[in-house]
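Colleague: What the sequence shown shows, in my numbering, is residues 7 to 787, in sequence order.
Yeah, the Cβ is synthetic: ideal placement off N, Cα and C, and Gly gets one too.
Here the structure is a predicted model, which is why all the values come from computation and not from measurement.
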Amino acid sequence: MNAFLDKLLGLDELRLGAEGVRLDWTLALPAWAWVLIALAVFLAAEFSYRHVRGSRVARLALGTLRAASILLFLLLAAGPKLVFQPESVERDWVVGLIDRSLSMSIPDAPEQATRAAQAQRAIEGAARSFAELDRDRRLAWLAFDASARDLPAFAGVPDLSADPLGPRTAIAQALRDADRRTAGAPLAGIILFSDGRSADVPDRASLRALLARQVPVFVVPLGSESTRRLASLASLDAPGLAFVDDLVPVTARVQDLSGPQEIELVDRATGLVLDRRRVEPGPDGTASVTLLTRPDKPSEQATWEVRLAGTGNGANGSGVGPGPGQALEHRVRLVDQTLRILYIDGYPRWEYRYLKNLLVREKSIRSSALLLSPEKKFLQEGTDPIASVPTTPEQWKPFDVIVLGDVRASLFSPEQLAGLREHISSRGAGLMLIAGPTSMPAAWAGSTLADLLPVALSASDGSEPATVRTWGEPVLASPGPAADRLGLMRLADESAGAPWPKELSDPAVGWSRLAWAQRWTASSLKPTAEVLLWASPARGTDVARAPLAMLMRYGAGRVAYLATDEIWRWRYARGETLPERFYLPILRMLARESLARAGRAASLELSPDRAASGSTVRVALRLLDESLARARAASLTLRLTSDEKNARELARVTLRPDEADPTRYLAELTAPAPGTYTLSPADALLAGLDLSARLTVTLPDDELRAPETDWPALRALAELTGGAVVAPDQLSTLPEKLPNREVRILGAPIVSTLWDRPVALALLLTLLTLEWVGRRLLRLS
Numbered sequence: 007m008n009a010f011l012d013k014l015l016g017l018d019e020l021r022l023g024a025e026g027v028r029l030d031w032t033l034a035l036p037a038w039a040w041v042l043i044a045l046a047v048f049l050a051a052e053f054s055y056r057h058v059r060g061s062r063v064a065r066l067a068l069g070t071l072r073a074a075s076i077l078l079f080l081l082l083a084a085g086p087k088l089v090f091q092p093e094s095v096e097r098d099w100v101v102g103l104i105d106r107s108l109s110m111s112i113p114d115a116p117e118q119a120t121r122a123a124q125a126q127r128a129i130e131g132a133a134r135s136f137a138e139l140d141r142d143r144r145l146a147w148l149a150f151d152a153s154a155r156d157l158p159a160f161a162g163v164p165d166l167s168a169d170p171l172g173p174r175t176a177i178a179q180a181l182r183d184a185d186r187r188t189a190g191a192p193l194a195g196i197i198l199f200s201d202g203r204s205a206d207v208p209d210r211a212s213l214r215a216l217l218a219r220q221v222p223v224f225v226v227p228l229g230s231e232s233t234r235r236l237a238s239l240a241s242l243d244a245p246g247l248a249f250v251d252d253l254v255p256v257t258a259r260v261q262d263l264s265g266p267q268e269i270e271l272v273d274r275a276t277g278l279v280l281d282r283r284r285v286e287p288g289p290d291g292t293a294s295v296t297l298l299t300r301p302d303k304p305s306e307q308a309t310w311e312v313r314l315a316g317t318g319n320g321a322n323g324s325g326v327g328p329g330p331g332q333a334l335e336h337r338v339r340l341v342d343q344t345l346r347i348l349y350i351d352g353y354p355r356w357e358y359r360y361l362k363n364l365l366v367r368e369k370s371i372r373s374s375a376l377l378l379s380p381e382k383k384f385l386q387e388g389t390d391p392i393a394s395v396p397t398t399p400e401q402w403k404p405f406d407v408i409v410l411g412d413v414r415a416s417l418f419s420p421e422q423l424a425g426l427r428e429h430i431s432s433r434g435a436g437l438m439l440i441a442g443p444t445s446m447p448a449a450w451a452g453s454t455l456a457d458l459l460p461v462a463l464s465a466s467d468g469s470e471p472a473t474v475r476t477w478g479e480p481v482l483a484s485p486g487p488a489a490d491r492l493g494l495m496r497l498a499d500e501s502a503g504a505p506w507p508k509e510l511s512d513p514a515v516g517w518s519r520l521a522w523a524q525r526w527t528a529s530s531l532k533p534t535a536e537v538l539l540w541a542s543p544a545r546g547t548d549v550a551r552a553p554l555a556m557l558m559r560y561g562a563g564r565v566a567y568l569a570t571d572e573i574w575r576w577r578y579a580r581g582e583t584l585p586e587r588f589y590l591p592i593l594r595m596l597a598r599e600s601l602a603r604a605g606r607a608a609s610l611e612l613s614p615d616r617a618a619s620g621s622t623v624r625v626a627l628r629l630l631d632e633s634l635a636r637a638r639a640a641s642l643t644l645r646l647t648s649d650e651k652n653a654r655e656l657a658r659v660t661l662r663p664d665e666a667d668p669t670r671y672l673a674e675l676t677a678p679a680p681g682t683y684t685l686s687p688a689d690a691l692l693a694g695l696d697l698s699a700r701l702t703v704t705l706p707d708d709e710l711r712a713p714e715t716d717w718p719a720l721r722a723l724a725e726l727t728g729g730a731v732v733a734p735d736q737l738s739t740l741p742e743k744l745p746n747r748e749v750r751i752l753g754a755p756i757v758s759t760l761w762d763r764p765v766a767l768a769l770l771l772t773l774l775t776l777e778w779v780g781r782r783l784l785r786l787s
């Protein structure tokens, strides 16, 4: 029927009965008005034929034709038309934000899964819901850390195959990026997958645009609400040079400990675990541990790694493998080299005889021994006799360690003492002082070497001897706090289970008693001095213990002070073993700095060599070669290059001479962006010296340093934006929670008029003609 009417009316563009096509009027009247008009027209038409001659049926028919003609005219005058209103629907957007920072690698989710794996598992579990969401709406996935970026997706499921590596999380910035990503489009909501930790705070001010658009944020909390802080390595202290077949200490400081933790020392080249120690947290959650290894072959650059081993102290209570902040690297040169030691004493006491024979007997040491008398006569001994006490710095240079016994300072010339002091402070030589009852250290007060003593002497001007107290009774030795950290005082057999033989601290063992020792108070030590050995009375009285062996850094070198000359007594029960294990590690430790500089024209050091981005790094370059020092350069320049694949120069660092030491050049460097960098010479003066230093830069807010989740912040965000908290296993219910923000857009209406159609005029003329014919039949005009 509609097709017939469409053809009758000549409708092409719009058709009757088509979807969305409606009848409309130019002059629209309500239905009741048309009823009244129709009634009035019909009554008027019937009244006009009321008095006409003819049958009642004929008059009724003619009145009806007249009423129909008038009504048809009025309908056409009202402007009938067909109208179609075009309409388009703009689908709303849903944005999924997934945290891809390093904290997502922490395994504190259920079943010891990482947070990233928890997010992936949750999304895959609701894959059908997300596929429907992608079909009905526009679903976009963004990965974010410090900023947001597009994340590939298939059938509504994002690709999360890559490991999360972002060094920093910024939730507020990611939400702003999501808002800009959908600017001008209807946004139904944002789905945020995160642990809640963020460097910026998503507050009302930072989310002003989202709040203005009334966009709800639905948060999916990841991880565990009660995550513990991950332990991490804060610093590493180890020598740059070590001797083959000698114990080498590597001290690590661990922070954020919440329980026992095992630390490993690993050889990077072989993967072998060199040492493993268990450390307990202190009251502040930090602890220091010293790992020891005994290298068996030399190496120009061995690489060791200290790392945390999984022992139930990870973020999930089960531990994690090495990662950022959980492993530190150290490079060390291992040498099998002979030491040169000069031993000077005042008379042939027992300690001198034993130590001199030890130095002669030890194959890894070449020694020169002198006995100086007040008349400046001396007796030569040792493997390499010398003609006289060295005077110039060049004559001191061959010796790695100098041992001074109970000898007066007045037996040395000012030039000799000045040369010795420079040899220790500039070249890194070691100095060992062995106390004696006549001269050491009282006769050294006010001398050129007084500053090198770890103890403060009372007579600073040298006008009178310093008062040195002694115990007056036998004492026993026990290890001090610095012994374990430096790998010293390990006199027991390795199988004994403890580094210090218990007999040495047992008052019932007679041979372990030291008959004479100086008694220094802890307050008499200089601020940088460390205690290697304590002395306590052998009778076990309540007298406080006192330092017996001390160690102190001085310039580039180190000074050890032994407040007794009775170590030889330990030979009685164990032969040479205990004294050898006492002296040799100390002498090798004192020689390390000297050997590290041996054969080098210059040294370059960074302090620290591992720094946070934006922090200050102190750069020190020391000229060890006399020809370089004589050049007196006004400044020296280093270039900073990145260790990336395509190394490029980032900056230049200008060093100026130190006013106190013209052979040392100093500068300060601001640590650049996170990464590894190398400082190397840019001056022709330092060309060809194979001189470089490596700098590791980390973020100040390391993602793994503070792995705790912040679920309250996520709840607050959902509440602020009118969203909700959705558990990872409830993601399938999310589509029901999203509001419908689709937009319907109306286009320009399409109009097809009906009043001007030929059929309308024909119908009107037909009605008028029929009425005229009827009137003629009734013989009406």
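How many Å lie between L364 and W356 at the Cα?
Modeller: Spanning the two alpha carbons is a distance of roughly 12 Å.
Colleague: Indicate the three-state DSSP secondary structure (helix, strand or coil) for D649 in the structure shown.
Modeller: Note: D649 maps to coil in three-state DSSP.
Colleague: Quick one: give me the first and last residue of the beta strand (DSSP E) that Y560 is part of.
Modeller: Element bounds for Y560: A552 to Y560.
Colleague: If you reduce the DSSP assignment to three classes, tell me which class Y55 lands in.
Modeller: In this structure, Y55 counts as coil in the three-state DSSP scheme.
Colleague: Could you tell me which uninterrupted beta strand (DSSP E) segments, each at least 3 residues in length, are contained entirely in the segment 142-214, listed from first to last along the chain?
Modeller: Complete beta strand (DSSP E) runs here, min 3: 144-150, 154-156 and 193-200.
Colleague: Return the CA-CA distance between V279 and H336, expressed in angstroms with no decimal places.
Modeller: Taking the straight line from one Cα to the other gives about 14 Å.
Colleague: Buried or exposed: where does N322 fall if 16 or more other Cβ atoms within 10 Å of its Cβ makes it buried?
Modeller: Confidence in N322 is poor, its pLDDT being 36 and thus under 50, which makes the residue's placement unreliable; the coordinate value appears in the next sentence. The residue is buried, with at least 16 neighbouring Cβ atoms inside 10 Å.
Colleague: Measuring only the C-alpha atoms, how far is M558 from P663?
Modeller: M558 and P663: Cα-Cα distance of roughly 26 Å.
Colleague: Got a sec? Which residues, its chain only, sit under 6 Å from V409 by beta carbon, not counting five neighbours each side?
Modeller: Closer than 6 Å at Cβ, skipping near neighbours: Y349 and M438.
Colleague: At 3 residues or longer, what runs of the beta strand (DSSP E) sit wholly inside the segment 254-330?
Modeller: Fully enclosed beta strand (DSSP E) runs of 3 or longer: 254-261, 267-273, 279-285, 293-299 and 305-315.
Colleague: Would you tell me roughly how many angstroms separate the C-alpha atoms of P614 and A626, rounded to the nearest one?
Modeller: Cα to Cα, P614 sits roughly 11 Å from A626.
Colleague: Can at least three beta-carbon pairs, one atom from the segment 524-539 and one from the segment 498-513, be found at a separation below 8 Å?
Modeller: No, the segment 524-539 is not in contact with the segment 498-513.
Colleague: Under 8 Å Cβ to Cβ from L656, same chain only, skipping five residues before and after it: list those, please.
Modeller: These residues qualify, in order along the chain: L646, T647, S648, P678 and Y683.
Colleague: Residues bridged to A569 by DSSP?
Modeller: Paired residue(s): none; A569 is not in a bridge.
Colleague: Rounded to a whole number of angstroms, what is the C-alpha to C-alpha distance between A673 and A699?
Modeller: Rounded to whole angstroms, A673 to A699 spans 14 Å at the Cα level.
Colleague: With a cut-off of 8 Å on the beta carbons, I'd call L222 and G195 a contact; round off their distance for me.
Modeller: Reading off the sequence shown, one finds Pro at residue 222, where the question assumed Leu. Confirmed, Cβ separation roughly 5 Å.
Colleague: By a C-beta neighbour count over all protein chains shown, 10 Å radius and 16 as the cutoff for buried, is A449 buried or exposed?
Modeller: Classification for A449: buried.
Colleague: Quick one: is S518 buried, meaning 16 or more other Cβ sit within 10 Å of its Cβ, or exposed?
Modeller: So S518 counts as buried.
Colleague: Taking only three categories from DSSP, how would you classify L35?
Modeller: DSSP places L35 in coil when its eight states are reduced to three.
Colleague: Just verifying my parser: in three-state terms, what is the DSSP assignment at Y353?
Modeller: Note: Y353 maps to coil in three-state DSSP.
Colleague: If you compare alpha carbons, which of P480, A456 and P245 is closest to A521?
Modeller: Nearest option by C-alpha distance: P480.
Colleague: Just verifying my parser: in three-state terms, what is the DSSP assignment at W540?
Modeller: W540: strand per DSSP, three-state reduction.
Colleague: Drop a sphere of 10 angstroms on the beta-carbon of A24, count the other beta-carbons inside from all chains shown, and report buried for 16 or more, exposed for fewer.
Modeller: Classification of A24: exposed, given that the 10 Å Cβ count is below 16.
Colleague: In angstroms with no decimal places, state the Cα-to-Cα distance between D467 and A237.
Modeller: Unreliable positioning characterises D467 in this predicted model, as indicated by a pLDDT of 42, which lies under 50. The coordinate reading is nonetheless provided below. The straight-line gap from Cα to Cα measures roughly 51 Å.
Colleague: Between the segment 162-178 and the segment 66-74, can you find at least three pairs of beta-carbon atoms closer than 8 Å?
Modeller: No: the two stretches stay apart, fewer than three of their Cβ pairs being nearer than 8 Å.
Colleague: Would you mind reading off the limits of the beta strand (DSSP E) that contains P687?
Modeller: Segment G681 to P687, the beta strand (DSSP E) holding P687.
Colleague: Please report how far the alpha carbon of I177 lies from the alpha carbon of L108, in whole angstroms.
Modeller: Rounded to the nearest angstrom, the two C-alpha atoms are 14 Å apart.
Colleague: Is the separation between the beta-carbon of L145 and that of A154 shorter than 8 Å?
Modeller: For L145 and A154, no; Cβs fall outside 8 Å.
Colleague: DSSP puts I104 in a beta bridge; with which residues?
Modeller: Beta-bridge pairing links I104 to A149 and F199.
Colleague: Identify whether K362 lies in helix, strand or coil by the three-state DSSP scheme.
Modeller: The answer is helix: DSSP assigns K362 an H, G or I state.
Colleague: Tell me whether M438 sits in a helix, a strand or coil according to DSSP, three-state version.
Modeller: M438 falls in the strand class under three-state DSSP.
Colleague: What residue range does the alpha helix (DSSP H) around F79 cover?
Modeller: Counting along the chain, the alpha helix (DSSP H) containing F79 begins and ends at R62 to A83.
Colleague: Going by beta carbon distance, what residues of the same chain come within less than 7 Å of A205, once the five residues before and after it are set aside?
Modeller: R174, T175, A176 and D707, listed in sequence order.
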